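Presented below is the structure to which this report refers.
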Amino acid sequence: MNTMSYYEMREFVNRFTWIFAKTYAEQCPHEYIVKTKIDPAHWNDFENFVATIRSIGFEAAYKHRIGRYYIMGQYYYWTMGAPISETIILNRGKISDYQLVDNTWILKGNKEL
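Okay, so the sequence shown: first residue is 162 according to my numbering, each after it adds one.
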């Protein structure tokens with residue numbers, strides 16, 4: 162696996178229709194793509210994108226789960242931490258919906274602040 166340039170990453174995320182995670186609409190609004198639902202011709206790019214998040218992203222927490230995150234444009238991207246070859250979900254949340262406080266992502270408007 163290789164890391165991707167910023168341009169390659171932008172091109173990758175703009176290539177797909179992202180699915181809104183309806184189940185988490187209130188407590189964790191975000192979108193995702195599923196590796197097995199995209200053209201297999203893009204699976205290598207999917208893995209390279211995940212590898213790039215893990216390589217150059219930053220560590221932060223969300224609801225006590227530590228993960229690696231990467232901010233690009235109006236979104237931040239993450240996976241759930243499985244080995245790259247086993248990762249099938251790539252998530253993204255809108256920066257405008259969250260704030261990073263003490264290295265923890267918090268949904269804006271959350272009264273627990």
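From the three backbone atoms N, C-alpha and C, an ideal C-beta is built for every residue, glycine too. All values derive from a computational prediction rather than experimental measurement.
Beta-carbon to beta-carbon, A212 and N163 are separated by about 7 Å, close enough to satisfy the 8 Å threshold.
Assignment of A221 by DSSP, reduced to helix, strand and coil, places it in the strand class. Bridge pairing for G228: A221 [DSSP]. Between the alpha carbons of I199 and M170 lies a gap of roughly 16 Å. Counting along the chain, the unbroken beta strand (DSSP E) around Y237 starts and ends at 236-239.
Comparing C-alpha distances from M233 to each of H191, Q188, G254 shows the shortest one belongs to G254.
About 14 Å separates the beta carbon of M241 from that of F210, a gap too long to meet the 8 Å contact definition. Per the coordinates, the alpha-carbon of N252 lies some 18 Å from the alpha-carbon of N264.
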